[in-house]
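2 protein chains.
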Amino acid sequence: MQISSRFTIAVHIFSCIDTFGASEKITSDFLASSIQVNPVIIRKLLGQLRDAGLVAVQRGTGGASLAKPADEISLLDIFNAVESLESGKLFHFHENPNPNCPVGRSIHPVLDGRLDQIQSAMEREMQRITLADIFADTKKYIAITSHS
Amino acid sequence: MQISSRFTIAVHIFSCIDTFGASEKITSDFLASSIQVNPVIIRKLLGQLRDAGLVAVQRGTGGASLAKPADEISLLDIFNAVESLESGKLFHFHENPNPNCPVGRSIHPVLDGRLDQIQSAMEREMQRITLADIFADTKKYIAITSHS
DNA sequence: TATGGTTGTAACAAGCGAGGTTACAACTTC
DNA sequence: GAAGTTGTAACCTCGCTTGTTACAACCATA
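Sequence lines, in order, name chains A and B.
Reading the first sequence from the start, the letters are residues 1 to 148 in the numbering used here.
Reading the second sequence from the start, the letters are residues 1 to 148 in the numbering used here.
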């Protein structure tokens, strides 16, 4: 099962805030047209990002902005905000291994640490990448492809 | 979205083969009772593991066994065998970013590499762990908890 | 060759989460 | 109050996971 597109959509939202935030009001409708999904999807996502302390959203008047400097928001922060994993675990373990079987008893103690180890490797990599990196790359890409 | 339990079930299957393979015939019914899931689930999984060249399954007479030495089967091999990701990608990207928006155009080129980088970190960790490691840990755990 | 245990697979169902959509109350500025 | 926006409820569809029954194909052995 793939990780849901909420994650890439969230990054897209941040890139829009950075690119257009100075000149335009970043509403859910504006974002919806860049991302091409329903505005309500965006609002729900912005709600998750707000609850995680990553964005500020203006009620009534409208508009989203960063709640922190870009280099203090990592991809892991975003991932954890929008991808609420069951009890924080990336891997879904089968529920009822047979406790009367030696292997059934041992599978959890043996595997749990390994699964954490794998998940940690992924999280470490996500933590190393911040929005500052993404914004820099986006600026570079837009500059290269626009001065034609 | 969590990774499906097929992965942990598959590892459980291998542990049973290693622990009981010498003394018992490892049928889908036997495995089903240790894992406590339906035998048909096991047969489908064994089919995927067989197609990936990881196990050998006897038709008619029944029984599963390793198709390779344990230290030549990594958790990544198992993961790829049972968790068929859409086009091999861990992250589901939103389908239609707006090509008329600078950010919509750049989000793919900017993010794709980063996502691959994260997925690679996870895969590298999975590749480092082989069934030989799991089997050794299982033996250790069973030994410790059985001589009471 | 007939029997019994087993695998492979089809067919279906229930449950869950993702993603979509409409609708509307609550809010804020003008 | 009007206009634009957010927050949220309610509902839908779709696909995937997991579970289940059923049965043909298979193979060793009696």
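Ideal Cβ positions, reconstructed from N, Cα and C, are used throughout, including at glycine.
Values in this document were obtained by computation on a predicted structure and should not be read as measured data.
message: Please list, in chain order, the residues of the segment 24-57 of chain B that have any C-beta partner in chain A closer than 7 Å.
response: Cβ contacts with chain A come from 33, 34, 35, 36 and 37.
field: Cross-chain neighbours of residue 127 of chain A in chain B, by beta carbon under 8 Å
entry: What you label residue 127 of chain A is simply residue 127 of the first sequence in a count that begins at 1. Result: empty, since nearest Cβ-Cβ is about 10 Å, beyond 8 Å.
- request: Identify whether residue 66 of chain B lies in helix, strand or coil by the three-state DSSP scheme.
  value: Residue 66 of chain B sits at position 66 when you count from the first residue of the second sequence. Here residue 66 of chain B sits in strand by DSSP.
Cβ separation of residue 46 of chain A and residue 57 of chain A, assumed to be a contact under 8 Å, to the nearest whole Å: What you label residue 46 of chain A is simply residue 46 of the first sequence in a count that begins at 1. What you label residue 57 of chain A is simply residue 57 of the first sequence in a count that begins at 1. Sure, about 5 Å apart at Cβ, within 8 Å.
query: Is the segment 107-115 of chain B close to the segment 89-99 of chain B, with three or more CB pairs under 8 Å?
result: When C-beta atoms of the segment 107-115 of chain B are compared with those of the segment 89-99 of chain B, three or more pairs fall below 8 Å, so the two segments count as touching.
- prompt: So what does residue 130 of chain B bridge to, in DSSP terms?
  reply: Your numbering for residue 130 of chain B matches position 130 in the second sequence. The partner list for residue 130 of chain B (beta bridge, DSSP) reads B:74.
Length of the line joining the Cα atoms of residue 10 of chain A and residue 62 of chain B: Indexing the first sequence from 1 puts residue 10 of chain A at position 10. Indexing the second sequence from 1 puts residue 62 of chain B at position 62. Roughly 50 Å separates the two Cα atoms.
query: Would a check of beta-carbon distances place residue 96 of chain B closer than 8 Å to chain A?
result: On the second sequence, residue 96 of chain B is found 96 positions in, with the first residue counted as 1. Yes, residue 96 of chain B counts as interfacial toward chain A.
message: Going by C-alpha to C-alpha distance, which of B:49, B:24 and B:107 sits closest to residue 136 of chain A?
response: Counting from 1 along the first sequence, the entry for residue 136 of chain A is found at position 136. Answer by Cα proximity: B:107.
field: Inter-stretch contact (C-beta, 8 Å, three-pair minimum) for the segment 118-131 of chain A and the segment 32-44 of chain B
entry: No: the two stretches stay apart, fewer than three of their Cβ pairs being nearer than 8 Å.
- prompt: Along chain A, which residues have their Cβ under 8 Å away from the Cβ of residue 11 of chain B?
  reply: On the second sequence, residue 11 of chain B is found 11 positions in, with the first residue counted as 1. Result: 107 and 111.
message: Suppose the cutoff is 6 Å on Cβ atoms and the five residues either side in sequence are ignored; what does the same chain contact list for residue 132 of chain B look like?
response: On the second sequence, residue 132 of chain B is found 132 positions in, with the first residue counted as 1. Answer for residue 132 of chain B: 70 and 71, listed in chain order.
- request: Any chance you could list the beta strand (DSSP E) runs of at least 3 consecutive residues sitting entirely within the segment 2-75 of chain A, in chain order?
  value: Unbroken beta strand (DSSP E) stretches of 3 residues or longer found wholly inside the segment 2-75 of chain A: 55-57 and 64-66, given in chain order.
- request: Determine, using beta carbons only, whether residue 103 of chain B and residue 145 of chain A come nearer to each other than 8 Å.
  value: Here residue 103 of chain B corresponds to residue number 103 of the second sequence, with the count starting at 1. Here residue 145 of chain A corresponds to residue number 145 of the first sequence, with the count starting at 1. No, the Cβ-Cβ distance between residue 103 of chain B and residue 145 of chain A is not below 8 Å.
task: Using a cut-off of 8 Å between C-beta atoms, extract the partners of residue 64 of chain A located in chain B.
output: Your numbering for residue 64 of chain A matches position 64 in the first sequence. The premise fails here: residue 64 of chain A is roughly 14 Å from chain B at the closest Cβ pair, so nothing lies under 8 Å.
query: Under 8 Å, do residue 2 of chain B and residue 89 of chain A count as touching if we go by C-beta distance?
result: Within the second sequence, the letter at position 2 stands for residue 2 of chain B. Within the first sequence, the letter at position 89 stands for residue 89 of chain A. Taking 8 Å as the Cβ cut-off, residue 2 of chain B and residue 89 of chain A qualify as a contacting pair.
query: Is the CB of residue 19 of chain A under 8 Å away from at least one CB in chain B?
result: Within the first sequence, residue 19 of chain A is the residue found at index 19, counting from 1. Yes, residue 19 of chain A lies at the interface with chain B (some Cβ there is under 8 Å from its Cβ).
- prompt: Measuring CA to CA, which of B:38, B:101, B:55 and B:134 is closest to residue 97 of chain A?
  reply: The sequence position of residue 97 of chain A within the first sequence is 97, counting from 1. Residue B:38 is the option with its Cα nearest to residue 97 of chain A.
query: Considering only residues of the same chain and omitting the five flanking positions on each side of residue 42 of chain B, which have a CB-CB separation below 8 Å?
result: Locating residue 42 of chain B in the second sequence gives position 42, counting from the first residue. 9, 13, 28, 31, 32 and 35.
- prompt: How long is the line joining the alpha carbons of residue 59 of chain A and residue 65 of chain A, rounded to whole angstroms?
  reply: Here residue 59 of chain A refers to the residue found at position 59 of the first sequence. Here residue 65 of chain A refers to the residue found at position 65 of the first sequence. The straight-line gap from Cα to Cα measures roughly 12 Å.
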